[in-house]
Amino acid sequence: MSTTKQGCSRFDARQKRVGIVVSSYSSGFYGTLLDHAVRQLESYGYSVISKSTKVSSTPGKTGAYDQLEYDAWKSLLQTNCDGLILHAKLLSDEQLADMIQRGPKTVLINRFLEDYPYQSVPVNNGDGARLAAAHLVEMGHTRVAMITGPKKYSDVVERSRGFLSELAKWNLSVPEDLIEVGNYTFEGGAQAFRRLLQTDRPFSVVFAQNDRMAAGVVHICQAEGISVPDEISVIGYDGSFFGGLTQPKLTTVKYPIDKAGTCAAKILHGLLENHTPASVPDCSKEHLKPTLVVRDSVHNKCARQEKSTDLPLLTQREYECLQNISIGNTSSEVAGFLHIAEDTVNFHLRNVIHKLQARNRTHAVTIALSRGYLRSPFDQKSSDIEMNLA
């Protein structure tokens with residue numbers, strides 16, 4: 005049975021027609037939704053068309069994209085579809101309620117309207133983010149950075165609120181200068197992480213609100229010689245295939261988008277055949293909970309502390325940066341020696357200052373020398389002279 009993105013004219017008039025609205029065709033996330041929804045709908049003998057809102061990927065700019073979602077819905081109305089499945093990020097609850105009243109039978113994914121409880125497939129994004137935060141606390145992380153999606157997205161609001169509320173239970177927070185806005189793309193995550201490296205605050209972990217952005221963070225870490233998870237831990241969200249492609253593989257929160265697509269199709273089938281909304285047993289909130297997928301990208305800081313009562317250990321790259329600073333090199337010069345960005349050098353030095361509880365770089369060098377972490381500048385220069393003479 006054929007599926008097209010262009011219109012309903014090719015379909016047998018005797019078939020029921022279902023339209024699906026998603027944000028993008030290029031994302032594997034929405035591809036999974038479409039795949040499971042279409043398979044379920046076609047098992048009922050329905051024909052399916054889909055429409056992408058083609059939301060821009062400019063970080064932080066959502067503009068009139070709620071209008072794009074509305075226009076996609078309106079264009080499907082013109083094809084005389086019998087039912088619709090809508091994954092909406094920006095439309096308000098009032099707009100969605102109006103669309104349900106005016107249009108054909110409609111099922112919402114990712115949203116919940118109290119007046120239409122049986123026409124919604126809600127996945128609690130806040131609960132998923134709370135799982136991520138609780139895991140980071142359990143692993144001993146207290147200095148947390150976050151990369152969000154565009155702030156007007158409903159799922160971004162829920163994920164941010166859930167993550168921050170869980171941290172607050174442990175008297176932890178994410179400072180404003182450690183929150184960056186991304187755009188749910190690999191490039192957006194990479195750019196947001198570079199901005200985080202420019203901040204004056206040290207951090208040990210990044211929560212990226214989807215796996216594509218998390219993969220971008222890991223990519224920059226690898227390019228800059230930052231060890232994941234030893235120096236920076238990374239946790240994502242969605243449970244997409246991106247999480248299995250990174251090295252190390254991502255710890256993430258799995259969003260059950262596959263089940264959501266199937267459930268939306270089942271609920272819509274009930275509406276179309278029975279003409280009254282009804283609950284579907286395996287599509288309740290209990291069956292659509294996000295789950296934590298633990299892999300290798302989050303460092304267990306508690307385990308390291310249990311193994312050793314020594315003073316805070318410096319990573320190899322932190323040692324190299326501090327050693328170079330101790331002999332009078334600037335951050336720019338160290339960046340040139342190590343072939344990394346100056347922002348990355350400063351990031352490592354901030355971590356050193358935090359670990360050694362120093363006031364500044366000079367104080368950090370003094371502490372490191374007194375504890376035997378570094379050779380004295382005189383010893384280093386003498387060694388260099390001996391090597392040159394040899």
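In the numbering used here, the protein residues as written are 5 to 394. For every residue, glycine included, the Cβ atom is placed at its ideal position computed from N, Cα and C. Since the model is a prediction, treat every value here as computed from it, not as a measurement.
- The beta carbons of leucine 117 and alanine 92 sit no closer together than 8 Å.
- Selection Ser208, Asp86, Gly220 and Val160 evaluated against histidine 358 yields Ser208 as nearest (Cα-Cα).
- The C-beta of threonine 295 has fewer than 16 other C-beta atoms within 10 Å across all chains shown, which makes the residue exposed.
- Cβ neighbours of proline 126 within its own chain (closer than 6 Å, five residues either side excluded): Phe116.
- Using a C-beta cut-off of 8 Å, the segment 71-82 makes no contact with the segment 268-283, since fewer than three inter-stretch Cβ pairs fall below that distance.
- By the neighbour-count definition (other C-beta atoms within 10 Å, threshold 16), aspartate 215 is a buried residue.
- In the DSSP assignment, glycine 23 is bridged to Ile53 and Leu88.
- At a cut-off of 4 residues, the continuous stretches assigned as alpha helix (DSSP H) that sit fully inside the segment 72-157 are 97-106 and 129-142.
- When secondary structure is reduced to three states using DSSP, phenylalanine 245 falls in the coil class, being assigned neither helix nor strand.
- Valine 257 is bridged by DSSP to Leu296.
- The beta-carbon separation of asparagine 129 and glutamate 98, rounded to 20 Å, does not stay under the 8 Å limit for a contact.
- An exposed status is given to serine 336, since fewer than 16 other beta-carbon atoms sit within 10 Å of its beta-carbon.
- Of the residues assessed, aspartate 119 falls on the exposed side of the cut-off, its CB having fewer than 16 other CB atoms within 10 angstroms.
- Here the alpha carbon of valine 210 sits roughly 19 Å from the alpha carbon of tyrosine 259.
- Cβ atoms of phenylalanine 190 and alanine 172 stay farther apart than 8 Å, at about 30 Å.
- Straight-line measurement puts the Cα of glycine 229 at about 47 Å from the Cα of leucine 100.
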